[in-house]
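Quick notes on the structure that follows.
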Amino acid sequence: MSENNNEQPMIICRDVNKWYDDFQALRGISMDVYKQEVVVIFGPSGSGKSTFIRCINRLEEHQEGTIIVDGIELTHDTRNIEKIRMETGMVFQLFNLFPHMTVLENITLAPIRVRKWKKEKAEEVALQLLERVGIPEQAHKYPAALSGGQQQRVAMARALAMQPKIMLFDEPTSALDPEMIKEVLDVMIELAESGMTMLVVTHEMGFAKRVADRMFFFDEGLVVESGTPDQIFTDPQEERTVLFLSQIL
Amino acid sequence: MSVSNKTISPPKPPGPIEWVRKNLFNSWFNAILTIVSLVIIYFLLKALIQWVLFFADWSPVAKFPLLFMVGQYDRNELWRIGLSASIFSVLMGISWGVWKGLIQGFALTLGGLLAVVALVPYPLDFLTIEVRLLLLMNVGLILLGYWFGRATKPRSNYVAIAWVVAALIIVVLLLGLGNNRFIPHVPTTVWGGLMVTLLLAVGGIVFSFPIGVLLAFGRRSSLPVVKVFSTVFIETIRGVPLITILFMFSLILTVFLPSGSRFDRLLRALIGITIFSAAYMAENIRGGLQAIPPGQVEAAKAVGMNSLQINLLIILPQALRLVIPAIVGQFISLFKDTTLVIILGINELLGIGRSVINSSPEFVQLQLEVYAFIALLFWIISYAMSYSARQLEIAMGVGER
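These protein sequence lines are chains Z and C, in that order.
Taking our numbering, the leading residue of the first sequence gets 2, the next gets one more, and so forth.
Taking our numbering, the leading residue of the second sequence gets 29, the next gets one more, and so forth.
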């Protein structure tokens, strides 16, 4: 589905290996993500999907292989790491909002401190983003006063405030009550349709069907199978994929 | 069957008679306990009040009120202490106006204490009209500062700078400058009493806090040199009693400094107290740092913040809020530990008390009164610290968010 095949991919991963002590968490992962593409990663717990997505912005360190994000290679150079982090927003399973700051302060913190924007500009952008995720009236509350779904939408606004080129989602709906999952997915769908490049670890197959360009099935640190949602859902090639899909669908 | 949508109001709290019956006389055993306790409390209180009002002889305290407050500070230069206190009051008020709830507890407690002392409805020799007016003036200055802070809304950076400048001014004011005609030098050897106790406590708190923060981060640092230094410093200091540190400091400094150079005794004591307190502070704060979930750091990293920003803006504010109770406890014990500087020959509050007792045979009989007075002062200030800190916790919403 990648229409821009002749362009340089936004994310290039080649033979990425990672170990925790003796345990190999990632085994030779290779993946390209193109501009405006939505890629969904799914698989059983412990399959390395979270580890992989956290390697993209260096929350975890890979030991072998190459990761290039927006033309910048991830090495030990802290400046490169910070540059990549400015270009990639991340949404976590447990939201990780800063509890000692209001919603507005959560969102404006990085634009003011990292992008060096004026406070007024940062707040204007933040309020627009809160409007976009549907909770403008919560701007001056503290995170603890919000529901899980609202917190996750604030977390998305916080990531988007840095105007990233890529958004990483690490199981964004797994910690939510069922009735709140939809409000978060709606925002993600809107984001995908607006042309954001997205790498999403999720088990929400409805979401994948609707907006994913490609899907990767991870198991035991390997990419077992990849393809368009159509291929994965209607014609999976690997037995493990079939088994896993039958369990979650 | 339809579900009832009606809400009912919570049960009413019991009336006073009901409360007493339910809590104090709900069984035979509890009724007996209640009566016995009441009898004991009655006799204790009666004895205490009788002693305070009729039997105790407060003359050692009443005769030398100034000695207890400022030691032998030059009596012609007392205005400098008053001015220092006034500067402090104004800034306290301004900080209250600017930082609101964070300072409110401290400002109100200080103002309330001063007002209560100024308005004691009982003729006391040392509470002359002038002293009462002076105390009330400081209350007024706090309120004036508050009004000023609210009205002009100075930036908090400026207020912080004002505190630093004020601290320098106060030191210069109290110490004086050489053979100056307006503020002649008043050597610290004649300083004493509550003033020195407060100066040591405030100085110890103000300096040990940042050092403690640095040591706490140092001990968690990934740089081996910093980590080892911090750990060794903390563990060494914590392994030694404060009194030993004060002694050693006195001796070591005299050995290492070139002969002839004089290192101020009070400063030596302050340094000793500061490093001692900093080591404990570091461990308290480290406890708070460890309680911050790793997700906070990850979220901050993910938006591109560098480690200095993460530590200062994300981790430290949350960690400090968690450890306020522990830090306040430590400040209170630091405040009381200042009495140990007596071994360096510094006449802080307790030292003054002892010299008053020893100054005449009749006062030796009245030790109890002197110590009771000093204990009361310590208790009032400690409790004020504790109470203010509790207000601070409420303002910061500790335990809520």
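The C-beta atom is built at its ideal place from N, Cα and C for all residues, glycine as well.
What ranges does the beta strand (DSSP E) occupy inside the region 62-92 of chain Z, keeping only unbroken runs of at least 3 residues that lie completely in it?
Fully enclosed beta strand (DSSP E) runs of 3 or longer: 65-70 and 89-92.
Determine the extent of the beta strand (DSSP E) in which C/THR225 is found, giving its start and end residues.
Counting from 1 along the second sequence, the entry for residue 225 of chain C is found at position 197. Counting along the chain, C/THR225 falls outside any beta strand (DSSP E), though it belongs to the alpha helix (DSSP H) covering 221-248.
Cβ closer than 9 Å: which chain Z residues qualify as neighbours of C/GLU326?
As a first step, residue 326 of chain C is located in the second sequence; it is residue number 298 there, counting from the start. Those are ARG55, LEU60, MET91, PHE93 and ASN97, listed as they occur along chain Z.
Identify which residue in Z/ASP171, Z/LEU223, Z/SER31 and Z/ASN18 has its Cα closest to the Cα of Z/MET199.
As a first step, residue 199 of chain Z must be located in the first sequence, where it is residue number 198. Z/MET199 has its Cα closest to that of Z/ASP171, out of Z/ASP171, Z/LEU223, Z/SER31 and Z/ASN18.
At a Cβ threshold of 8 Å, is Z/PRO173 touching chain C?
Working through the first sequence from its first residue, we reach residue 173 of chain Z at position 172. It does not: the Cβ of Z/PRO173 has no partner Cβ on chain C nearer than 8 Å.
Residues in the same chain with beta-carbon distance under 7 Å from C/PHE291, minus the five sequence neighbours each way, listed in chain order, please.
Your numbering for residue 291 of chain C matches position 263 in the second sequence. Cβ within range, chain order: LEU281 and LEU285.
For C/LEU138, which beta-bridge partners are listed by DSSP?
Sequence index remark: in the second sequence, residue 138 of chain C carries index 110 (1-based). BP columns for C/LEU138 are empty, so no partner.
So which residues on chain C does Z/ALA140 lean against when the C-beta distance must stay under 7 Å?
What you label residue 140 of chain Z is simply residue 139 of the first sequence in a count that begins at 1. Under the 7 Å cutoff, chain C gives no residues; its nearest Cβ is about 16 Å from Z/ALA140.
Could you give the distance in angstroms between the alpha-carbon of C/LYS364 and the alpha-carbon of C/GLY315?
On the second sequence, position 336 is the one that residue 364 of chain C refers to. On the second sequence, position 287 is the one that residue 315 of chain C refers to. Roughly 24 Å between the two C-alpha positions.
Under the assumption that C/ASN386 contacts C/GLN358 (Cβ atoms under 8 Å), give the Cβ distance between them as a whole number of angstroms.
For the purposes of this step, residue 386 of chain C is taken as the residue at position 358 of the second sequence. For the purposes of this step, residue 358 of chain C is taken as the residue at position 330 of the second sequence. 32 Å between Cβ atoms; not a contact.
Determine whether the Cβ of Z/LEU244 lies closer than 8 Å to any Cβ atom of chain C.
Mapped onto the first sequence, residue 244 of chain Z falls at position 243. No, its Cβ sits nowhere closer than 8 Å to a Cβ of chain C.
Which residues in the same chain have their Cβ closer than 6 Å to the Cβ of Z/VAL212, if we skip the five residues on either side of it in sequence?
As a working mapping, residue 212 of chain Z is identified with position 211 in the first sequence. Excluding sequence neighbours, Z/VAL212 sits near VAL39, ILE190 and ALA193.
Indicate the three-state DSSP secondary structure (helix, strand or coil) for Z/GLN25 in the structure shown.
Taking the first residue of the first sequence as position 1, residue 25 of chain Z is located at position 24. Z/GLN25: strand per DSSP, three-state reduction.
Compute every distance between the C-beta of C/ALA59 and the non-hydrogen atoms of the ligand HEM, then say whether any falls below 7 Å.
In the structure on display, the ligand HEM does not appear, and there are no ligands present to speak of.
Tell me the DSSP secondary structure of Z/LYS119 in three-state form.
In the first sequence, counting from the first residue as 1, residue 119 of chain Z sits at position 118. Coil.
Expressed to the nearest angstrom, what Euclidean distance is found between the alpha-carbon atoms of Z/ASN5 and Z/ASP71?
Position 4 of the first sequence, counted from the first residue, corresponds to residue 5 of chain Z. Position 70 of the first sequence, counted from the first residue, corresponds to residue 71 of chain Z. Residue confidence for Z/ASN5 is low, a pLDDT of 49 falling below 50, so the modelled location carries little weight; the figure read from the coordinates is stated next. Whole-angstrom Cα-Cα distance: 14 Å.
By Cβ distance, which residues of its chain are closer than 6 Å to C/SER117, with the 5 residues on each side in sequence left out?
To locate residue 117 of chain C, count along the second sequence from 1; it is residue 89. Once the five neighbours on either side are set aside, the close Cβ partners of C/SER117 are ASN166, LEU169 and ILE170.
Return the chain-ordered list of same chain residues with a C-beta closer than 7 Å to the C-beta of C/ARG266, the five sequence neighbours on each side being excluded.
Your numbering for residue 266 of chain C matches position 238 in the second sequence. Within the same chain, C/ARG266 has close Cβ partners ALA307 and TYR308.
Does C/PHE154 pass the burial test, meaning 16 or more other C-beta atoms within 10 Å, or should it be called exposed?
In the second sequence, counting from the first residue as 1, residue 154 of chain C sits at position 126. By the 10 Å Cβ count, C/PHE154 comes out exposed.
Note down the Cα distance separating C/MET424 from C/TYR186, rounded to an integer number of angstroms.
The count along the second sequence starts at 1 and reaches residue 424 of chain C at position 396. The count along the second sequence starts at 1 and reaches residue 186 of chain C at position 158. About 22 Å.
Identify the contact partners of C/LEU333 in chain Z, using a Cβ-Cβ distance below 7 Å as the criterion.
Counting from 1 along the second sequence, the entry for residue 333 of chain C is found at position 305. The sequence shown places Met at residue 333 of chain C, rather than the Leu named in the question. Those within 7 Å of C/MET333 in chain Z are ALA111, ARG114 and VAL115.
Hey, could you find the ends of the alpha helix (DSSP H) C/MET309 is sitting in?
Residue numbering aside, residue 309 of chain C sits at position 281 when the second sequence is read from its first letter. That run of the alpha helix (DSSP H) goes 293-318.
For chain Z, find out if any of its Cβ atoms is closer than 8 Å to the Cβ of C/GLY323; answer yes or no.
Taking the first residue of the second sequence as position 1, residue 323 of chain C is located at position 295. It does; some Cβ of chain Z falls within 8 Å.
For the region 70-87 of chain Z, list every residue whose C-beta sits within 9 Å of some C-beta in chain C, in sequence order.
Listed in sequence order: THR79, ILE82, GLU83, LYS84, ILE85, ARG86 and MET87.
Distance cutoff 8 Å, beta carbons only. Does C/GLN337 sit that close to anything in chain Z?
Within the second sequence, the letter at position 309 stands for residue 337 of chain C. C/GLN337 counts as touching chain Z.
By the 9 Å beta-carbon criterion, what residues does the region 337-368 of chain C contribute toward chain Z?
The residues in question are GLN337, LEU341, ILE342, PRO345, GLN346 and ARG349.
Since C/GLY99 sits in a beta bridge, which residues does DSSP pair it with?
Numbered from 1 along the second sequence, position 71 holds the residue referred to as residue 99 of chain C. C/GLY99 pairs with C/TRP219.
Where does the unbroken alpha helix (DSSP H) through Z/PHE218 begin, and where does it stop?
In the first sequence, residue 218 of chain Z corresponds to position 217, counting from 1. First-last for Z/PHE218: 215-220, but that is the beta strand (DSSP E), not the alpha helix (DSSP H).
Quick one: what's Z/ASP171 bridged to in DSSP?
The residue you call residue 171 of chain Z lines up with position 170 of the first sequence. For Z/ASP171, which the question treats as bridged, DSSP gives the partners Z/VAL202.
Going by the CB atoms, is the gap between Z/ASN81 and Z/ALA156 shorter than 8 Å?
Walking along the first sequence from the start, residue 156 of chain Z turns up at place 155. Walking along the first sequence from the start, residue 81 of chain Z turns up at place 80. Going by C-beta atoms, Z/ALA156 is not nearer than 8 Å to Z/ASN81.
Determine the contact status of C/MET333 and Z/ALA209, defining contact as a CB-CB distance below 8 Å.
As a first step, residue 333 of chain C is located in the second sequence; it is residue number 305 there, counting from the start. As a first step, residue 209 of chain Z is located in the first sequence; it is residue number 208 there, counting from the start. Their beta carbons are not under 8 Å apart, which means C/MET333 does not touch Z/ALA209 by this criterion.
My understanding is that Z/GLY228 touches Z/ARG215, with C-beta atoms under 8 Å, so please give their C-beta distance in whole angstroms.
Counted from its first residue, the first sequence places residue 228 of chain Z at position 227. Counted from its first residue, the first sequence places residue 215 of chain Z at position 214. With a Cβ gap of about 7 Å, Z/GLY228 and Z/ARG215 count as contacting.
Between which two residues does the beta strand (DSSP E) harbouring Z/ILE42 extend?
The residue you call residue 42 of chain Z lines up with position 41 of the first sequence. Its beta strand (DSSP E) spans residues 39-43.
Run through chain C and tell me which residues come within less than 8 Å of Z/ALA160, C-beta to C-beta.
Counting from 1 along the first sequence, the entry for residue 160 of chain Z is found at position 159. Those are ALA330 and VAL331, listed as they occur along chain C.
Since Z/LEU223 is in the beta strand (DSSP E), which residue starts that stretch and which ends it?
Your numbering for residue 223 of chain Z matches position 222 in the first sequence. Looking at the DSSP string, the run of the beta strand (DSSP E) that includes Z/LEU223 is 223-228.
I'd like the list of long-range same chain contacts for C/ALA297, defined as Cβ closer than 7 Å, with 5 residues on each side in sequence excluded.
Stepping through the second sequence from its first residue, residue 297 of chain C is reached at position 269. Within the same chain, C/ALA297 has close Cβ partners LEU228, LEU274, VAL369, LEU372 and ILE374.
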